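Written below as structure tokens is the structure these notes are about.
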Amino acid sequence: MASTLRYRASSIVSSAKLLRRPIPIVGAICVLSFGLSNLCASLSAPLKTGCAQSLPFCPLLRSTSEQSRSIHSRMTDSASTTVPSIVVYVTVRNKEAGKKLAESIVKERLAACVNRVPGIESVYEWKGEIQTDSEELLIIKTRESLLGSLTEHVKANHEYDLPEVIALPITGGNTQYLEWIKNSTRD
């Protein structure tokens with residue numbers, strides 16, 4: 014009798030374990046299917062209802078045009094006079110090269126601000142060999158219209174044969190900061 018009770022108890026425990034495993038998956042499917050706003054009434058006001066696209070933490074499920082309209086509307090107000098702005102990444106060999114290049118970029122008004130991030134490690138292929146180097150990353154905030162001039166300035170003042178100059182669009186942010194970028198750079 015005791016062994017029968019132990020068997021039944023162990024089978025109940027093991028079946029409970031089996032039932033508990035899919036619950037998080039089922040919960041996630043419900044949230045994605047019905048939308049968080051349908052499952053939690055307090056969130057329904059600011060969100061669309063009835064689909065996973067209404068979830069603020071599921072940006073990959075939203076369309077690109079919907080995302081860019083949403084970001085753009087949060088970024089600017091009707092009185093804004095910002096210009097399209099970018100962030101540019103440039104790597105340099107060391108701290109001294111980073112300081113010299115950053116100062117020349119700001120002095121020439123090719124950027125409003127350059128952040129210097131020391132201690133990065135770059136792994137890349139150069140002339141058929143894998144290289145690993147310690148570098149400093151420059152994060153440059155500027156107008157989109159200055160990318161060509163900035164690129165030429167970096168190429169003319171950089172130690173590398175092929176300097177990295179990679180631009181990313183700024184799609185949103187503090188409007189006053191974006192105005193400052195515009196006012197701190199040349200036309």
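This note's numbering numbers the first residue of the sequence shown as 14 and each following residue consecutively. Even glycine gets a Cβ: it sits at the ideal position worked out from N, Cα and C. Predicted model, so just to flag it, every value in this text is computed and none were measured.
Just to confirm, are residue i and residue j a CB contact at a threshold of 7 Å?
{"i": "ALA115", "j": "VAL127", "result": "yes"}
{"i": "VAL105", "j": "GLU149", "result": "yes"}
{"i": "VAL103", "j": "LEU175", "result": "no"}
{"i": "ASN170", "j": "SER117", "result": "yes"}
Got a sec? Which residues, its chain only, sit under 7 Å from residue i by beta carbon, not counting five neighbours each side?
{"i": "VAL125", "result": "The sequence given here places Ala at residue 125; Val does not occur at that position. Excluding sequence neighbours, ALA125 sits near LYS154, THR155, TRP193, ILE194, SER197 and THR198."}
{"i": "ILE99", "result": "THR155, GLU157, LEU160, ALA180, LEU181, PRO182 and ILE183"}
{"i": "SER162", "result": "LEU123"}
{"i": "GLU121", "result": "HIS166"}
{"i": "TRP139", "result": "none"}
Note down, in chain order, each residue of its chain lying with its Cβ closer than 6 Å to the Cβ of residue i, except the 5 sequence neighbours on either side.
{"i": "ASP146", "result": "SER135"}
{"i": "SER78", "result": "Since pLDDT at SER78 reaches only 46, below the 50 mark, its modelled position is unreliable, and the value read off the structure follows with that caveat. Answer for SER78: no residue qualifies."}
{"i": "ILE133", "result": "GLU148 and LEU150"}
{"i": "TYR137", "result": "GLN144"}
Can you name the residues that DSSP bridges to residue i?
{"i": "GLU109", "result": "Its beta-bridge partners do not exist; DSSP assigns none."}
{"i": "TRP139", "result": "GLU142"}
{"i": "LEU181", "result": "VAL100"}
{"i": "LYS154", "result": "VAL100 and CYS126"}
Quick check: what's the CA-CA separation for residue i versus residue j?
{"i": "VAL119", "j": "VAL101", "result": "13 Å"}
{"i": "LEU191", "j": "THR95", "result": "6 Å"}
{"i": "THR188", "j": "PRO97", "result": "12 Å"}
{"i": "GLN144", "j": "LYS168", "result": "21 Å"}
{"i": "VAL130", "j": "ASN107", "result": "10 Å"}
{"i": "LYS113", "j": "GLY141", "result": "30 Å"}
Give me, in chain order, the residues of the same chain whose beta-carbon lies closer than 8 Å to that of residue i; leave out the 5 immediate sequence neighbours on both sides.
{"i": "GLU172", "result": "VAL105, ARG106 and ALA110"}
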